[in-house]
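Q: Shown below is the structure under consideration.
Number of protein chains: 2
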Amino acid sequence: MTWVAGADGSAYGVTNLPYGVFVHDGREPRIGVRIGDFVLDLAGAEAAGLVLAAGALGRPTLNDFMTLGRPQWTAVRQRVTELLTDVAHRAAVEPLLVPLDEVRLLLPFEVADYVDFYSSEHHAGNVGQIFRPGQPPLLPNWRHLPIGYHGRAGTVVVSGTPVVRPSGQRPGADGPTYGPSARLDIEAEVGFVVGVPSPLGAQVSVDDFTDHVFGVVLVNDWSARDIQAWEYQPLGPFLGKSFATSVSAWVTPLDALTDAFVPAPEQEPPVVDYLRDVPHRGLDLRIVVEWNGERVSEPPFATMYWTPAQQLAHLTVNGASLRTGDLYASGTVSGPERGQVGSFLELTWGGAEPVQLGGGEQRTFLEDGDTVTITATAPGPDGTTIALGEVTGTILPPR
Amino acid sequence: MTWVAGADGSAYGVTNLPYGVFVHDGREPRIGVRIGDFVLDLAGAEAAGLVLAAGALGRPTLNDFMTLGRPQWTAVRQRVTELLTDVAHRAAVEPLLVPLDEVRLLLPFEVADYVDFYSSEHHAGNVGQIFRPGQPPLLPNWRHLPIGYHGRAGTVVVSGTPVVRPSGQRPGADGPTYGPSARLDIEAEVGFVVGVPSPLGAQVSVDDFTDHVFGVVLVNDWSARDIQAWEYQPLGPFLGKSFATSVSAWVTPLDALTDAFVPAPEQEPPVVDYLRDVPHRGLDLRIVVEWNGERVSEPPFATMYWTPAQQLAHLTVNGASLRTGDLYASGTVSGPERGQVGSFLELTWGGAEPVQLGGGEQRTFLEDGDTVTITATAPGPDGTTIALGEVTGTILPPR
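Structure below.
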């Protein structure tokens, strides 16, 4: 129970408390925690001595705070919970609450490296069927390791940032042509944000996941399928992805997701030792994709074949170091049903089966002016339901 | 002519003047310029009012200086040239010269995003022949666009950093096995360092190359061929590359390379408009690869099919933004002859033809303890020859 009006019973009650960075009233960007429809100014709270975090809360990104490590993350969360639940603190804390509709939310952390995995069996299988019909949908390596690649960290943008339709080379009957992408798509994903770094040459074990990962964001990995199809062999996606990747403005701390862990799908054949996580756990995040306000899909994150702990262990098995701010995304989340897919490529089966939106509009891929919003909920502590921060974006015409 | 002893006639005379970051005498890291066998302390020079650069020379990386843009880069270079050639400045400047063998060189810039291209026709053709014998060596897209992908920025290390042999999954007869890479290789490349950023959604034209690119480094893109072969489909190289990428400690400014531009190979079929650079120019950098001190290859950078201006235009054609510190590498540099290849994969033709090193030792791929050093020279201003900073590394056993 919190004394903040309207927060109890909402998906942003005291069991949630995601972190973000906001601008208000012309002041410097600062860290805040969302509670109900308010943002608690943590920079102000630390300056007033209400919470202690080595000065890290007074910074314009979460990076310094995320470097501190799990004991400090948990201590700050406990203290913030006290401040928002014990009425004795109300007089001191209430002036630090800012209405959400008065703030502008910024990219909450400086992205170090961005890695994108490909860990949904249903997504990889659908893509295989669409692009390689008649062949085995999964490539031979897929069940042995979490396939991934590096994306462009510099074009990770915060939810709400408009996305200019990218141009590039697309395949044509008489060779490639240059022009705006005609197959602009989304990928609904979940991203994991690294707080605690690791040294070059060392491996991070599956057991050390919660020591390194601070929290979770929702991700829309916008994808230009025509550009991607022409460029991706043999070195993988490049310009088909690098124009923009949107993340939610709120980072949900892992401490808010302790009740969301569920057994992950069984893996067959058995994985090699460094990928064996016991317990083998995924997260029960229920994602919703809205296209121009219409709910078109509900991807279940619990169906992911590879878990975030396995992804982290794989990412570092070759000795690659971690930096604070590293972001690794799950890959498109798709469940077994057509109404559970995380891309429009799958929803329209390669563009062959348009979907009907409200007002009789039909869509295959994204049109200029379209808006896509991805949200998610999860079982929170104490029987509550918590929301992850939404990630939304609107397509602008090509320049 | 410089008054610095021993510099005239060396490959680090006043027509070269590369930038680096060094530590000396326990003081904070600072920016310096190499002249002969000395480093000119530019932080000290700026503090003494001998050179003006908005305070950017007092920083521990080149990033702030690189943000200033070409007019400032050229002005600082001209001023440093004056200081080192006009004996009137000798008394003030000489105390700022530090012997090279007393300094430790650091990574000269903070890497924002790292992109690796694949722009040598001979390299791509060799790889095609080795891995897809009997098929056309180049894929259909290769002559239409400079193929590239994102690498891991966080594991870019400065020359001299030891490289721990990476472990991971390698393909085996009965499925993948885990262990140290048995096919550890190099890739001799040239890297371009972005100084001036560009906004998201905008394209950078081929004509704007010199406005954005500050300078050049030598790159060794260490590659574990067995890990790469198993993981790379369908999303490209990941752990086979991400354990370490070495760059030279010295960044050679483009202003030192004005005489090194030469016509690039003719492109057929003609490229689409955004890739048409007039003049179509590459750089006459003559690379040397030494394996345990033995010269094994001399890759000619002038043979590269795609030019750095084309690579930059391609990288941004989809609206991807540039940040200060972005590094994009050419891809392995290989000429038409076996003695001109930039990887040991090619030098030993997939490991089938071992090379003979000094003392009767034979090699296919890298053994623990091996050292690889890549150097390069180029035609400098006024008929001089200038050296690019070397990039060297020694393989350590797996942990």
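So the protein sequences, as listed, match chains W and A. Throughout the first sequence, residue numbering follows my numbering, covering 2 to 400 in sequence. Throughout the second sequence, residue numbering follows my numbering, covering 2 to 400 in sequence. Every residue gets a Cβ at the ideal spot worked out from N, C-alpha and C, and that includes glycine.
Just by C-beta distance, which residues in the segment 159-181 of chain A are closer than 9 Å to chain W?
A: Here the close residues are Thr162, Pro163, Val164, Val165, Arg166, Pro167, Ser168, Gly169, Gln170, Pro172, Gly176, Pro177, Thr178 and Tyr179.
Q: Comparing the C-beta of Glu368 of chain A with each C-beta of chain W, is any distance below 8 Å?
A: No, no contact with chain W.
Q: Suppose you measure from the CA of Val342 of chain W to the CA of Thr317 of chain W; what does that come to, to the nearest Å?
A: About 29 Å.
Q: By DSSP, does Gly10 of chain W sit in helix, in strand, or in coil?
A: Coil at Gly10 of chain W, not helix or strand.
Q: Please confirm whether Ala261 of chain W and Asp285 of chain W have their CB atoms less than 8 Å apart.
A: It is a contact, given that the beta carbons lie within the stated cut-off.
Q: Starting from the beta carbon of Ser249 of chain W, find every residue of chain A whose beta carbon is closer than 8 Å, and list them in chain order.
A: Residues of chain A passing the Cβ test: none, with the nearest at roughly 18 Å.
Q: Strictly below 7 Å CB to CB, what residues from chain A border Ser331 of chain W?
A: Result: empty, since nearest Cβ-Cβ is about 14 Å, beyond 7 Å.
Q: Pick helix, strand or coil for Ala250 of chain A, following the three-state DSSP scheme.
A: Coil.
Q: Contact criterion: CB-CB distance below 8 Å. Does Trp231 of chain A meet it with respect to chain W?
A: Cβ-Cβ to chain W under 8 Å: yes for Trp231 of chain A.
Q: Among the candidates W:Thr178, W:Val159 and W:Ala203, whose CA atom is the shortest distance from the CA of Gly192 of chain W?
A: The residue with the shortest Cα to Cα distance from Gly192 of chain W is W:Val159.
Q: Kindly confirm or deny that the segment 370-387 of chain A and the segment 254-273 of chain A touch, where touching means at least three C-beta pairs closer than 8 Å.
A: As far as the Cβ criterion goes, the segment 370-387 of chain A touches the segment 254-273 of chain A, which means the pair count is three or higher.
Q: Quick test of your reading: Pro1 of chain W and Val290 of chain W, contact by CB under 8 Å. State the CB separation rounded to the nearest angstrom.
A: In the structure displayed, chain W extends from 2 to 400; residue 1 of chain W sits before or after that span and is not available.
Q: Could you give the first and the last residue of the continuous beta strand (DSSP E) run that contains Asn221 of chain W?
A: Val214 to Asn221 is the span of the beta strand (DSSP E), which, as asked, contains Asn221 of chain W.
Q: In chain A, which residues lie less than 8 Å from Arg324 of chain W when you measure between Cβ atoms?
A: Within 8 Å Cβ-Cβ: Gly155.
Q: Quick one: what's got a C-beta closer than 6 Å to Arg153 of chain W's C-beta in the same chain, skipping five residues either side?
A: Answer for Arg153 of chain W: Ser243, listed in chain order.
Q: Is the separation between the beta-carbon of Val15 of chain A and that of Leu85 of chain A shorter than 8 Å?
A: The answer is yes: Cβ separation under 8 Å.
Q: Would you mind stating whether Gly326 of chain A and Ala113 of chain A have Cβ atoms separated by less than 8 Å?
A: In this structure, Ala113 of chain A lies closer than 8 Å to Gly326 of chain A by Cβ.
Q: Going by the beta-carbon positions, is the gap between Ser247 of chain W and Gly394 of chain W smaller than 8 Å?
A: Yes. Within cutoff.
Q: Is there contact between the segment 225-238 of chain W and the segment 136-149 of chain W, where contact requires at least three CB pairs shorter than 8 Å?
A: Output reads no: the segment 136-149 of chain W does not touch the segment 225-238 of chain W.
Q: Using the three-state DSSP reduction, which class does Ile148 of chain W fall into: helix, strand or coil?
A: In this structure, Ile148 of chain W counts as coil in the three-state DSSP scheme.
Q: What residues in the segment 106-132 of chain W have a beta carbon less than 7 Å from any beta carbon of chain A?
A: Of all residues in the segment 106-132 of chain W, Ala113, Asp114 and Tyr119 have a Cβ within less than 7 Å of some Cβ in chain A.
Q: Are the C-beta atoms of Pro1 of chain W and some chain A residue less than 8 Å apart?
A: Because chain W here runs from 2 to 400, residue 1 of chain W falls outside it and cannot be looked at.
Q: How would you call Arg133 of chain A, buried or exposed, if buried means at least 16 neighbouring beta carbons within 10 angstroms?
A: Burial call: exposed.
Q: Excluding the 5 residues preceding and the 5 following Thr211 of chain W in the sequence, name in chain order all residues of the same chain whose CB lies nearer than 8 Å to its CB.
A: Excluding positions up to five away in sequence, the list reads Arg71 and Leu255.
Q: Tell me which residue opens and which closes the beta strand (DSSP E) that Phe66 of chain A is part of.
A: Where Phe66 of chain A is concerned, there is no enclosing beta strand (DSSP E), although the alpha helix (DSSP H) it sits in stretches over Asn64 to Thr68.
Q: Assuming the contact rule is C-beta atoms closer than 8 Å, Leu53 of chain W and Tyr20 of chain W should be a hit. Round their C-beta distance to whole Å, please.
A: Going by Cβ atoms, the distance from Leu53 of chain W to Tyr20 of chain W rounds to 16 Å, so no, they are not a contact pair.
Q: For Leu358 of chain W and Ile375 of chain W, what's the separation of their Cα atoms in angstroms?
A: So the two alpha carbons sit approximately 16 Å from each other.
Q: List, in chain order, every chain A residue whose beta-carbon is nearer than 8 Å to that of Tyr13 of chain W.
A: The contacting residues do not exist; Tyr13 of chain W stays about 29 Å from chain A at best.
Q: Can you pull the DSSP bridge partners for Phe23 of chain W?
A: Phe23 of chain W pairs with W:Arg31 and W:Leu106.
Q: For a contact meaning CB atoms closer than 9 Å, what does Asp274 of chain A contact in chain W?
A: Simply Tyr179.
Q: Would you say Leu85 of chain A faces chain W, with C-beta separation under 8 Å as the test?
A: Output row for Leu85 of chain A: interface = no.
Q: Along the chain, where does the alpha helix (DSSP H) that runs through Arg91 of chain W open and close?
A: Unbroken alpha helix (DSSP H) run through Arg91 of chain W: Arg91 to Val94.
Q: Does the separation of the CB atoms of Phe302 of chain A and Gly332 of chain A fall below 8 Å?
A: Against a cut-off of 8 Å, the Cβ pair of Gly332 of chain A and Phe302 of chain A comes out as no contact.
Q: Contact check, Gly351 of chain W vs Ile131 of chain W under 8 Å by CB: the rounded distance?
A: Rounded, the Cβ-Cβ distance is 4 Å, consistent with contact.
Q: Using C-beta distances below 6 Å, list every residue in its chain close to Phe23 of chain W, excluding the 5 sequence neighbours before and after it, in chain order.
A: For Phe23 of chain W, where only same-chain residues beyond five positions count, the Cβ hits under 6 Å are Gly33, Val40, Val104 and Leu106.
Q: Starting from Arg78 of chain W, trace the alpha helix (DSSP H) in both directions and tell me its first and last residue.
A: Here the alpha helix (DSSP H) through Arg78 of chain W covers Arg71 to Thr86.
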